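Down below is the structure, laid out as structure tokens.
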Amino acid sequence: MWFRRVDIGEIEKAKRAMPHYFEVLSGREKPNFFYVKQVKVDFSKDDPLEELWNIHEEGMEKLRENDLSESPEKSLLDLKALIADRILEKCELCEIKCHVNRKESIGYCRVKDTLIASDFLHIGEEPELIPSYTIFFSGCNFRCVFCQNWDISQYRVGLRYSPEDMATKIAVAYAEGAKNVNFVGGEPTPNLPFILETLRYVKVPIPVVWNSNMYMSEIAMRLLDGIVDVYLADFKWGNNEDAIKYSKAPRYWEVVTRNFLLAKKHYKAEFLIRHLVMPNHLECCTKPILKWISENLGKEVRVNVMFQYRPEYRADRYPEIARRLNYEEMQRAAELAAEFELKNAMIG
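Okay, so the sequence shown: first residue is 37 according to the working numbering, each after it adds one.
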């Protein structure tokens, strides 16, 4: 039994912003990957990658036209998993595009084969998500100097599971009351092949939450189309200079805004966007981020303007962020959310 108090007002905001997700929770709708499993495609595992992509596009067209089959021999989800596995041989799942053969070596993200650092029913997420079956992958394509999960994002730790075993754990969590399966880290992007393979074996109608820094490559975005129900998406930096300084993420603004716009077009996908307000970064980051969200994703989108920053890991090397937020910064962030008319924002 769950004893955490749920804010009814916040749930109502979430329902306005995320109707598909709530339809899945009610049982009136299926999670997106269920439909992808019902798209019949014909391919061989030995087909050239270019040909597999062509078949993928045909399959996505079938998905959007609701051209579905009951238990096809080969599905669009099978194809997505195969393409993702091929990409590992010269990895470009994220925008770093290190091109390492991750079947043999560790990539820039410090991931080779998938390691699960921890997994549990999480009650510390937004009220519309809890209880959330949260799977923490080790490894990350960012190097955030203030990372609160640095012990798993910057090191290879955790256990190996087969996709079949992971699917069983998801089914058990669903039976125990999980509202969703929440892929996080670290960062889920380097583990996309494992995630897609796992979903092939998942039989329970559980929504997929992609809890990510949104630094995926365009290739990864194509594979995620039709898979994700909710993009639980970090929007960290309002400019490239800060992204390089604190996260070592080149071209951050261009990549992340591109991916938000791509995700906006994805099959039935919805957003819950997190912005962690940083000390001394209200005008350079919080303001342009909230303005961009309002102008490009709409005033109804669900946004969590978060005040939970604490200086962890190596933040003490950067005096300007080596403290918590003060009251004036919190007040200014709330004012900016109101200024840009983000009607379904969660503040604090």
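We treat Cβ as the ideally placed atom computed from N, Cα and C, and that holds for glycine. The structure presented is a predicted model; accordingly, all values stated were derived computationally and were not measured.
Between the alpha carbons of Asp-265 and Asn-295 lies a gap of roughly 15 Å. Secondary structure in the stretch 235 to 290: the beta strand (DSSP E) runs of 3 residues or longer, each lying completely within the stretch, are 244 to 248, 266 to 270 in chain order. Cys-130 is not a Cβ neighbour of Thr-234, given a cutoff of 8 Å. Where Ser-168 is concerned, the enclosing beta strand (DSSP E) starts and stops at 168 to 173. Under DSSP, Val-220 shares a beta bridge with Phe-172.
Within the same chain, His-56, Asn-68 come within 6 Å of Lys-304 by CB-CB distance, once the 5 residues on both sides are set aside. Comparing C-alpha distances from Asn-249 to each of Leu-312, Arg-192, Asn-216, Asp-201 shows the shortest one belongs to Leu-312. C-alpha of Asn-216 to C-alpha of Trp-186: approximately 25 Å in a straight line.
When C-alpha distances from Asp-155 are compared across Lys-323, Ile-188, Asp-114, Arg-146, the shortest belongs to Ile-188. Remark: three or more beta-carbon pairs, one from each stretch, lie closer than 8 Å, so the stretch 160 to 167 and the stretch 196 to 216 are flagged as touching. As a beta-bridge residue in DSSP terms, Lys-76 pairs with Ser-111. For Asn-90, the uninterrupted alpha helix (DSSP H) segment begins and ends at 85 to 100.
The criterion of a C-beta distance shorter than 8 Å is satisfied by Lys-335 and Leu-378. Listed as beta-bridge partners of Ala-381 by DSSP are Val-339. Judged by beta-carbon spacing, Ile-242 lies beyond the 8 Å limit of Tyr-197, meaning their Cβ atoms are not closer than that value. In its chain, beyond the 5 residues on either side, Ala-120, Leu-129, Ala-256, Leu-259 have a beta carbon closer than 7 Å to the beta carbon of Leu-228. Cβ-Cβ distances below 8 Å link Gln-184 to Arg-346, Glu-348, Tyr-349 in the same chain, with the five nearest sequence neighbours on each side left out; the list follows chain order. Remark: C-beta atoms of Glu-365 and Leu-318 approach each other more closely than 8 Å.
Arg-310 and Asp-270 do touch by the CB rule: their CB atoms are close to 5 Å apart, below 8 Å. Leu-113 is the residue among Cys-176, Leu-85, Leu-113, Leu-268 whose C-alpha sits nearest the C-alpha of Met-96. Minimum Cα-Cα distance from Ala-207 among the listed residues Cys-180, Pro-199, Lys-139, Val-238 corresponds to Val-238. Secondary structure of Arg-52 (DSSP, three-state): helix. By the 16-neighbour rule on beta-carbons within 10 angstroms, Arg-287 is exposed. Shown here for Gly-175: same chain residues with a beta carbon closer than 6 Å to its own, the five before and five after excluded, namely Cys-145, Arg-146, Val-147, Gly-222, Pro-226 in chain order. The secondary-structure analysis by DSSP pairs Asp-155 across a beta bridge with Ile-171. Going by DSSP, Leu-326 is part of the alpha helix (DSSP H) stretching over 323 to 332. When C-alpha distances from Gly-160 are compared across Asp-82, Pro-199, Ser-111, Gln-344, the shortest belongs to Gln-344. In the DSSP assignment, Ile-188 falls within the alpha helix (DSSP H) that extends over 186 to 189. By the neighbour-count criterion, in which a residue is buried when 16 or more other Cβ atoms sit within 10 angstroms of its Cβ, His-135 is exposed. For the pair of segments examined, the stretch 72 to 88 was found to touch the stretch 100 to 113: the number of CB pairs separated by less than 8 Å reaches three. Here Phe-173 really is in contact with Ala-153; their C-beta atoms are around 7 Å apart, less than 8 Å.
The alpha-carbon of Leu-326 is positioned some 14 Å away from that of Phe-307. By the C-beta density criterion, Glu-65 is buried, having at least 16 other C-beta atoms within 10 angstroms. CA-to-CA, the gap between Arg-192 and Ile-91 works out to about 35 Å.
Looking at Met-314, Glu-331, Val-337, the one whose alpha-carbon comes closest to that of Ala-358 is Met-314.
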